[in-house]
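Accompanying notes for the structure given below.
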Amino acid sequence: MYKEKTNGLCDIEITDKLISEEPDRLRDDKVAGADDLVPRFLNGIKQEIVSPLAILFKKVLDEQEVPLDWKEANVIPTFKGGQRCAPSNNRPVSLTSQICKIFEAVVRDKVVELLDKHKLMRDWQHGFRKGRSCLTNLFLFLDQVLRTVDEGSCMDTGLVFLHLAKAFDKVPHGRLVEKLRKHGIGGKLVRTVDIWLRGRRPSLC
């Protein structure tokens, strides 16, 4: 748990330089959200939108008021296998605003920077971390098993791997916000995240 309350993350200094690096991360093959802005278009005008986005993002943080179209999503089914007509074989995917994704990236980078700086994520945490994945987790485990066997030590092979279905859908937002606060994220930033999570809905269009 975070201890240095006075040095937590309560705000983000939004600059043109900070914003200018984000549109490059948008993949051109992705589709638009409820605002109909596609990444290919945004990448084409990224130099022109840097300053307006910086102003917008500052306003969102200062006033803790999130644009309504950031809370809307075009929900489409993605076929996962089996019979296409079975609802359980299709996973709903929410297509959200690409402008919102840029803001998300800015917030995420600063939050991860804080967590890494104060070592608030354990080293064995591989999910949703840059340069890590399920594959790196399995490689690390295999390396540990092989090293133990090579040393002639005993290795208990009774293992259980758990997969949390619909993990993002089932996270209690109140508990998530409280967890952020306990990890040193507060002030206008955590209030913005709290408001951001409320009232999310599928697009009516």
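Residue numbers 7 to 211, in my numbering, belong to the letters of the sequence shown in order. For every residue, glycine included, the Cβ atom is placed at its ideal position computed from N, Cα and C. Every value quoted in this text rests on a predicted model; they were computed, and no experiment measured them.
Asked                                                                                                       : Found
Just list the residues that DSSP pairs E78 with in beta bridges.                                            : R207
Looking at the unbroken alpha helix (DSSP H) that takes in R114, where does it start and where does it end? : 104 to 123
Out of V117, P208, K52, which one is the CA nearest neighbour of D17?                                       : V117
Comparing C-alpha positions only, which one of R204, L195, K107, L146 sits nearest to R59?                  : First, the residue type needs correcting, since residue 59 is Leu and not Arg in the sequence shown. That would be K107, whose Cα lies nearest to the Cα of L59.
Between the C-alpha atoms of A38 and V72, what's the straight-line distance to the nearest angstrom?        : 19 Å
Taking just the CA atoms, how far does L32 sit from R138?                                                   : 20 Å
Going by beta-carbon coordinates alone, are V177 and L186 separated by less than 8 Å?                       : no
Taking DSSP as the reference, what is the three-state secondary structure of P58?                           : helix
Going by DSSP in three states, F145 sits in which element: helix, strand or coil?                           : helix
Rounded C-beta distance between D22 and S57? I'm assuming under 8 Å.                                        : 6 Å
State yes or no: is the C-beta of D75 within less than 8 Å of the C-beta of S103?                           : yes
Compare the C-beta of W130 against all C-beta atoms of chain D and say whether one is closer than 8 Å.      : The structure shown has no chain D; it contains just one protein chain.
Taking 8 Å as the cut-off, decide whether the C-beta atoms of R207 and E78 are in contact.                  : yes
With 16 as the cutoff for other CB atoms within 10 Å, does I61 come out buried or exposed?                  : exposed
Please state if the CB of V183 and the CB of V199 are separated by a distance shorter than 8 Å.             : yes
Over what stretch of residues does the alpha helix (DSSP H) that includes S94 continue unbroken?            : Where S94 is concerned, there is no enclosing alpha helix (DSSP H), given that its DSSP letter is neither H nor E.
Taking a contact to mean a Cβ-Cβ separation below 8 Å, would you say G190 touches L43 in this structure?    : no
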